[in-house]
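Residue numbers (our numbering): 6 to 187. Okay, structure first, notes after.
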Amino acid sequence: MLNISLFGAVLLLPGCGGSSAGKEDSAVVCESVEDFHADNDIAMTVRSLADAIRVGEPLDTADYNFDGILTDGTGRPLYTNIQGLPGGWDIDVLSGTSAVIRNVDIGDLLPEDLENYLASALELGEENVIDSLEYHGAEGAETTVYDFGGGYLRIEVRNGTASNGLEGPLMNITTTRDLPSR
6 MLNISLFGAV LLLPGCGGSS AGKEDSAVVC ESVEDFHADN DIAMTVRSLA
56 DAIRVGEPLD TADYNFDGIL TDGTGRPLYT NIQGLPGGWD IDVLSGTSAV
106 IRNVDIGDLL PEDLENYLAS ALELGEENVI DSLEYHGAEG AETTVYDFGG
156 GYLRIEVRNG TASNGLEGPL MNITTTRDLP SR
């Protein structure tokens, strides 16, 4: 399912690419980005990973590995990169019991909103948060670990810098059966 949606997204993206033509062309680029729609909802993906982990189903790279655009519940990209295009994501199965989702571009991603969206989708609240310095990420990163019953969701946010010096958030969202380590 993700591969078919990705193919459709790739077909749309050439119309969103940068152009060295005049301002009229850049208006078309903006309209294309605003009209972008894909069916790769990040909450559905995280729920699917969590459900597989809960029931002991091994995570398979063929089912979950993905490079492309992830969306909110309405089909809109989660963020726009510094070129004004839908921001990219990478999903990697690390083992049969662990997978990580990362944004690959710097952009206007709102990590707190995304964390709230994911926690809501998994029906997680403050009572599910594991509060221990042991699980905090790299220096300068903000990390939250949730216990979703049968596994854990670790959300790490750190600042990244683009080649042009602009800064923005980079997120690692890990689902795992075992309590995550640093």
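Yeah, the Cβ is synthetic: ideal placement off N, Cα and C, and Gly gets one too.
Within a 10 Å sphere around the beta-carbon of Glu161 sit 16 or more other beta-carbons, which makes this residue buried. Put simply, the backbone Cα of Thr50 is about 11 Å away from that of Phe71.
Looking at the backbone, the Cα of Asp65 and that of Leu123 are separated by about 22 Å. Residue state for Arg182 is assigned as coil, using DSSP reduced to three classes. The Cβ neighbour count for Arg59, taken over all protein chains shown within 10 Å, is under 16; the residue is labelled exposed. The beta-carbon distance between Gly156 and Thr181, rounded to whole angstroms, is 6 Å. This is short enough to meet the 8 Å contact definition. In this structure, the CA atom of Gly61 is about 32 Å from the CA atom of Pro174.
If the five residues before and after Glu120 are omitted, its C-beta is found closer than 7 Å to the C-beta atoms of Thr149, Ile160, all from its own chain and listed in chain order.
In the same chain as Met176, and ignoring 5 residues on each side of it, the C-beta atoms closer than 6 Å to its own belong to Asn108, Pro116, Val162, in chain order. Distance from the Cα of Ala57 is smallest, within the candidate group Gly101, Ala167, Thr79, Asp97, for Gly101.
For a cut-off of 8 Å, the C-beta gap from Ala67 to Leu127 is around 24 Å, too long to register as a contact.
The Cβ neighbour count for Ser125, taken over all protein chains shown within 10 Å, is under 16; the residue is labelled exposed.
Rounded to the nearest whole angstrom, the CA to CA distance from Ile135 to Gly80 is 31 Å. Residues of the same chain with a CB within less than 8 Å of the CB of Leu171, apart from the 5 flanking positions on each side, are Ile87, Ile111 in chain order. Distance from Tyr69 to Val105 at the Cβ level is roughly 10 Å; contact not present, criterion being Cβ atoms closer than 8 Å.
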